[in-house]
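Participant: My questions all concern the structure below.
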Amino acid sequence: MSSTPASTLLEHFGLTATAAAAGGELGVHSPIDGAGIARLRTHSRDEVVQAVARSREAFLAWRSVPAPQRGELIRLFGEELRADKESLGRLVSIETGKILSEGLGEVQEMIDICDFAVGLSRQLYGLTIASERPAHRMMETWHPLGVVGVISAFNFPAAVWSWNFALAVVCGDPVVWKPSEKTPLTALACQAVFARAAKRFGAAPEGLSQVVIGPRDIGEVLVDDERVALLSATGSTRMGREVGPRVARRFGRCLLELGGNNAVIVTPSADLDLVVRGVAFAAAGTCGQRCTTTRRLIVHASVKDALLARLKKAYAALPIGNPLEPGVLVGPLIDGASFQAMQAALRSAQDEGGKVAGGERLLQDKYPSAFYVRPALVEMPAQTQTVRRETFAPILYVLAYEDFEEALRLHNDVPQGLSSSIFGNDLRETELFLSARGSDCGIANVNIGTSGAEIGGAFGGEKETGGGRESGSDAWKNYMRRATNTINYSRELPLAQGVRFDV
Ligand code: NAD
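Anchor point for the sequence shown: position 305 equals 305 in UniProt numbering, and the numbering is continuous, going up by one each time.
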């Protein structure tokens, strides 16, 4: 069923031959029906080493191209993405199982970061600093950093790479990308779109953008190669725990975007209409497979029953099914392992005293090899070990609170620190939530859910989420190295701090 549009799309992106590589070890399946859509040959470790060497060559040329010209290449890439939004968005949906409007939204996010990066290419500002010495000037300059390795997760198979790629390219860096082994076709399609932009640009070095296909050991080559100046890795905390120390050991730079366990606090003054809409999208949307998915609802006891009743009604009415069909709001889980992890989490929540509604498998007759579920609502007596873990599936744990300080304590008492929000109209509570004593996450919102970030802000989180920031604000500084310059335009040589050294 999903194979027809998939094959047409592969043809559209010129991937038919690649996707049918004889003897390809990597089977690619659509979670929509579990059907195989391609068999890809994976790269060898040697081929990744060669890709890094090409990338290094590209760096030596690209770093000298003026930044606004580098921006012109990304402007063209944004144009090509606009032209191919429909096809690429559909491929994202087929490979990840997210609904079409989210597949298209992912491509829109790529276009947005291109626009942002184009503007940035004329704004890679350094500071001018007052020197303590007469007739001296100090300044800082930002230079291209080197080869950037990007390792990405399955759930945002294109956007996360583009956040890194668009900024890296305007900053003067080439990128070697290892996408998730579950979503390699989207990566190859992105390469095909970029190749068109590079052809129009004319002078992009050959190795500026490369993709290497394979499982984690292919990513490990990027992790350990000292020519990779920045390793930007998005995925589970388990992955970050392995990758971070290995990059640190060789004094490489790391940008980690890892798991979240995002909560919404609902206060007595909250507008429940907003809460139901905001939470349904953030908790059940994308079948619970966003790093920013709402996983915990911390509700004031006085509104808990009313809110739960409304959420249960909303959940019961959620159209679940083929994400390419109009009207469907929740697609499938990525695979059977993900379904098993969800069921295991629901069982342990139950053992810990949780009351589970939903979570069962759906549409098994129609799609025996796919994993559709009803998103689960689980009332918990306390913030147990299961609640404190990220399970990458649509499970919303509901906890009651009486006192606002208790809500804040529960909110922050998890190992992760990505996204958070509060619903309420009491200024004292909402401002406290945003203050130094409030949410300890990298993203803190008021009266909107935890998911669906825009590219203008820095994206990322604290604690086990890894501490990295990507996308907007000053995230570009990750992709450059800073030099502090002191210039003496006098005939004297005064030393700083009044030190005397007369020779
Ligand atoms: P995953 O950790 O299983 O895999 C992510 C990527 O890392 C894949 O490309 C995989 O091949 C690679 N990888 C795994 N172990 C590796 C190792 N030891 N060395 C090198 N590469 C390795 O994650 P997933 O299941 O694809 O994605 C879901 C997870 O990603 C969730 O935890 C989610 O919260 C997180 N995520 C975080 C963000 C964010 O911005 N914070 C965004 C998207 C997803």
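Just so it is clear, CB atoms sit at the ideal spot from N, CA and C, and this is done for glycine as well.
All values derive from a computational prediction rather than experimental measurement.
So the beta strand (DSSP E) H136 belongs to, where does it begin and stop?
Facilitator: Per DSSP, H136 belongs to the beta strand (DSSP E) from H136 to P144.
Participant: Helix, strand or coil for I443? Go by DSSP, reduced to three states.
Facilitator: Reduced to three states, the DSSP call for I443 is strand.
Participant: Does the distance between the C-beta of N164 and the nearest non-hydrogen atom of the ligand NAD fall short of 7 Å?
Facilitator: No; taking the cut-off as 7 Å, the Cβ of N164 has no heavy atom of the ligand NAD nearer than that.
Participant: One question on the structure: do A229 and A166 come within less than 8 Å of each other, judged by their Cβ atoms?
Facilitator: In this structure, A166 does not lie closer than 8 Å to A229 by Cβ.
Participant: By Cβ distance below 6 Å, which residues in the same chain neighbour L329 in space, the five residues on each side in sequence not counted?
Facilitator: Here the set comprises L318 and P319.
Participant: Just to confirm my understanding: we take M1, look at its own chain, exclude 5 residues before and 5 after, and list those with CB closer than 8 Å. What are they?
Facilitator: Residue placement at M1 is flagged as unreliable, the pLDDT there being 39, under the threshold of 50; a coordinate-derived value is accordingly withheld.
Participant: On the CB-based measure, 16 or more other CB atoms within 10 Å of its CB, does F501 come out buried or exposed?
Facilitator: The residue is exposed, with fewer than 16 neighbouring Cβ atoms inside 10 Å.
Participant: Relative to the C-alpha of V150, which candidate in V169, P494, M138 and E132 has its C-alpha closest?
Facilitator: V150 has its Cα closest to that of V169, out of V169, P494, M138 and E132.
Participant: Is there contact between the stretch 193-205 and the stretch 349-363, where contact requires at least three CB pairs shorter than 8 Å?
Facilitator: No, the stretch 193-205 does not touch the stretch 349-363.
Participant: Taking its Cβ as the centre, do 16 or more other Cβ atoms sit within 10 Å of A309, making it buried, or is it exposed?
Facilitator: Counting Cβ neighbours within 10 Å, A309 comes out exposed, since fewer than 16 surround it.
Participant: Please report how far the alpha carbon of R250 lies from the alpha carbon of E226, in whole angstroms.
Facilitator: Their Cα atoms are separated by approximately 7 Å.
Participant: Mark K85 as exposed unless 16 or more other C-beta atoms lie within 10 angstroms of its C-beta, in which case mark it buried.
Facilitator: So K85 ends up on the buried side.
Participant: Would you say A282 and G449 are within 8 Å of each other, going by their C-beta atoms?
Facilitator: Cβ distance < 8 Å, so A282 and G449 count as in contact.
Participant: Report the residue from E102, R41 and H300 whose alpha carbon sits nearest the alpha carbon of T267.
Facilitator: Residue H300 is the option with its Cα nearest to T267.
Participant: From the DSSP output, read off the bridge partner residues of W62.
Facilitator: W62 pairs with nothing; no bridge assigned.
Participant: Hey, how far is the Cα of L495 from the Cα of R133?
Facilitator: Cα to Cα, L495 sits roughly 8 Å from R133.
Participant: Smallest Cα separation from F404: which of S269, T294, P326 and D273?
Facilitator: When each option's Cα is compared against that of F404, the closest is S269.
Participant: Can you give me the start and stop residues for the beta strand (DSSP E) that S209 sits inside?
Facilitator: S209 -> beta strand (DSSP E) spans S209 to V211.
Participant: If you count every other CB in all the chains shown that lies within 10 Å of the CB of T4, and 16 or more means buried, which is it?
Facilitator: For T4, the predicted structure reports a pLDDT of 46, less than 50, and the residue's modelled location is therefore unreliable. The matter cannot be settled from this model.
Participant: Out of curiosity, what's the CA-to-CA distance linking E464 and K477?
Facilitator: Taking the straight line joining both Cα atoms gives about 22 Å.
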